[in-house]
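Chains as they are written, first to last, in this note's numbering: chain A, 1 to 351; chain B, 1 to 351.
Structure, rendered in structure tokens:
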């Protein structure tokens, strides 16, 4: 670890604007980034952490392992298309898979609120077990804590995951290069709007269902076709916009989206329109962004479209050496708008 | 994974007595055991999990890794001798070390309550960083979620850990054998009583301080002297009594403690007497139980006593083939009492 004197540690200036934690600190936007940059990184700095991928890459004997951790605090616990248990498995499986790793093991920590009906817990645990089996991962260690009634929200779940990175694969958020092509594996915004509509009791013309799914099979298919993949990312909290902003910064490149090519379910689009939201910022839990060299883009697209979870895949943008660190979108009417990292989040507690 | 039909899953009978989660389900006693046996194990069953050690043992290439996860919900966040951050590092480092592994990496998931002062979070993060540096582990992946004010208690922390088990070392809770000797690395009950006295505002004649500490250095010293160690266990939730009950069951042996030989700080003993508690059931966060063959017991004791964290080490009991699964204590006046697994916990929320 680096030589930081922790005794003299004080909150650096940018954090001083917010002397207490606000919801946005958990939103995957600017506030989350500040917390990481100014608090966690200086304290814990090491190479694996500084990489800031969805998972850390470590070496054991001959094996390169991807390791990731994620806590889930979604409200409500059950929502159209999924539940907190499924989400907790998929979320960490996906974070591990975004290094190109094959996820193998999960650990699971439950923080349960006193008074939670046991059959609710049973349903969640079953859902996790089914999701783990389907994703081909084993749950190898667990822990249960109980907190007093009124603290917690039924159950919070942490999962950590370990996967094996195949030889010859190097995928990381800082590997995007000018000329690369940006692909998305399907429609965006479904998860966030499904949770939101359930929680707020909103009725839309047609039902919106979370896309929560394990993406490791899709990643396996892509890597079977080519190892020439620069970045993979599942655009969860903060959506596609936040994921691409982070990649633009990490790789010091610009990203140009063609807004008309981004697949959005009509029901999600109209719900977003009604609520004044932008689907680019809404969370997904079963989609991935792939950034690959132009030479393999059509191949990767074809592979993705053949997979059950990638049938609506599309090429949605390009990496450029112009405006490094900045994400822009060409709009339907031919203009260009900058899409900044949001301060906090549009939809709190969606994962 | 085993072939269980999850669709038809229902709460088995023993859980039906408690249709909702109660505090005791997180207490490390009988209720915790029921939750594990009747809910988590049937759902997630696999060899690594079924072993029920403090950590799971997995194989990667040539390396055997120990993996563990633990969530921390202690109230208050700061207590004499430590804080939730220190505890979160020590707890998982120790769980990994109890397989004889050298802990190397930690992940960390924060669930933070809206409104937590940033400098409180900063103090906790600093404390974790210092604890990690002192224990020689790197924090390689993290996650932050924020929950609404009033939910959560400032901060909950999950840590997961990965360590490397040295060749030739096989330490597990089911390896205790008749004739083995039981050692403890120091006084018991300090952590639980320190947290309790802080939380309840109790004043005792002298200050009680948590023993929270990373035990991996002590384990390294023991293993440098001999690999002939059968069981290591840090008696946290539920104390020495619960740890030894679990080992008795896992190994199908009896355990006989000599109560007079168990080191207890006088201030902890008198606080326990005053409150009608038994230090055998009070949590420790910087102590280990070692169960070793009689032939090496004196050597191991000498090594432990030379270590800063083991100077009060003592031989406190024996493993017997009588009364398998049962823990008994010979009392000061020559009697013998059975020490059962408790239903729930004397002191909730101590880790």
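Positions of the beta carbon are idealized from the N, C-alpha and C atoms, including for glycine. Computed from a prediction, not measured in an experiment: that's the story for all the values here.
8 Å Cβ cutoff, residue i in contact with chain A
i: residue 108/B; result: yes
i: residue 90/B; result: no
i: residue 44/B; result: yes
i: residue 196/B; result: no
i: residue 87/B; result: no
i: residue 40/B; result: yes
i: residue 253/B; result: no
i: residue 163/B; result: no
i: residue 22/B; result: yes
i: residue 158/B; result: yes
i: residue 60/B; result: yes
i: residue 395/B; result: Residue numbering for chain B in the displayed model covers 1 to 351; residue 395/B lies beyond these limits and cannot be assessed.
i: residue 358/B; result: Past the edges of chain B, shown from 1 to 351, lies residue 358/B, and the structure says nothing about it.
i: residue 153/B; result: yes
i: residue 69/B; result: yes
i: residue 26/B; result: yes
i: residue 102/B; result: no
i: residue 49/B; result: yes
i: residue 349/B; result: yes
Below-8 Å beta-carbon distance, residue i vs any chain B residue
i: residue 9/A; result: In this prediction, residue 9/A has a pLDDT of 40, which is less than 50 and means its spatial position is unreliable; nothing more can be read from the coordinates.
i: residue 121/A; result: yes
i: residue 65/A; result: yes
i: residue 302/A; result: no
i: residue 284/A; result: no
i: residue 172/A; result: no
i: residue 19/A; result: yes
i: residue 117/A; result: yes
i: residue 32/A; result: yes
i: residue 315/A; result: no
i: residue 146/A; result: yes
i: residue 243/A; result: no
Distance between residue j and residue i (C-alpha atoms, nearest Å)
i: residue 55/A; j: residue 277/B; result: 44 Å
i: residue 71/A; j: residue 169/A; result: 27 Å
i: residue 182/A; j: residue 112/B; result: 34 Å
i: residue 25/A; j: residue 341/A; result: 13 Å
i: residue 69/B; j: residue 222/B; result: 24 Å
i: residue 332/A; j: residue 273/A; result: 16 Å
i: residue 235/A; j: residue 102/B; result: 35 Å
i: residue 212/B; j: residue 298/A; result: 56 Å
i: residue 22/A; j: residue 228/B; result: 52 Å
i: residue 245/B; j: residue 261/B; result: 18 Å
i: residue 207/B; j: residue 201/B; result: 12 Å
i: residue 12/B; j: residue 96/B; result: Here the model assigns residue 12/B a pLDDT of 41, short of 50, so the residue's position is not dependable, and the following value carries that caveat. Whole-angstrom Cα-Cα distance: 31 Å.
i: residue 43/A; j: residue 132/A; result: 33 Å
i: residue 250/B; j: residue 36/B; result: 14 Å
i: residue 279/B; j: residue 289/A; result: 55 Å
i: residue 79/A; j: residue 39/B; result: 23 Å
i: residue 231/B; j: residue 104/A; result: 27 Å
i: residue 318/B; j: residue 295/B; result: 13 Å
i: residue 337/B; j: residue 326/B; result: 11 Å
i: residue 117/B; j: residue 305/A; result: 47 Å
i: residue 172/B; j: residue 247/B; result: 9 Å
Residue j beta carbon less than 8 Å from that of residue i
i: residue 268/A; j: residue 187/A; result: yes
i: residue 162/B; j: residue 100/B; result: no
i: residue 282/B; j: residue 215/B; result: no
i: residue 264/A; j: residue 180/A; result: no
i: residue 110/B; j: residue 61/A; result: no
i: residue 107/B; j: residue 160/A; result: yes
i: residue 350/B; j: residue 191/B; result: yes
i: residue 217/B; j: residue 307/B; result: yes
i: residue 225/B; j: residue 303/B; result: yes
i: residue 238/A; j: residue 189/A; result: no
i: residue 144/B; j: residue 270/A; result: no
Open item on the list: Within 8 Å, do at least three Cβ pairs link the segment 149-156 of chain B to the segment 245-263 of chain B?
Closed with: Not touching, per the Cβ criterion.
Task: Complete runs of the beta strand (DSSP E) confined to the segment 137-183 of chain A [at least 3 residues] - done: 138-147, 155-165
Task: Three or more C-beta pairs below 8 Å linking the segment 189-199 of chain A and the segment 300-320 of chain A - done: no
Open item on the list: Under 8 Å, with one C-beta from each stretch per pair, do the segment 33-49 of chain A and the segment 135-149 of chain B reach the 3-pair mark?
Closed with: yes
Open item on the list: If contact is defined by three or more beta carbon pairs under 8 Å, each pair taking one atom from either stretch, is the segment 114-124 of chain A in contact with the segment 74-92 of chain A?
Closed with: When C-beta atoms of the segment 74-92 of chain A are compared with those of the segment 114-124 of chain A, three or more pairs fall below 8 Å, so the two segments count as touching.
Open item on the list: Across the segment 327-342 of chain B and the segment 27-43 of chain B, are there enough close Cβ pairs to call them in contact, namely three or more that are closer than 8 Å?
Closed with: yes
Task: 4-residue-minimum alpha helix (DSSP H) runs that sit fully inside the segment 219-288 of chain B, ordered along the chain - done: 239-251, 266-275
- [ ] Return the chain-ordered ranges of every beta strand (DSSP E) run that is complete within the segment 69-132 of chain A and spans a minimum of 3 residues.
- [x] 102-113
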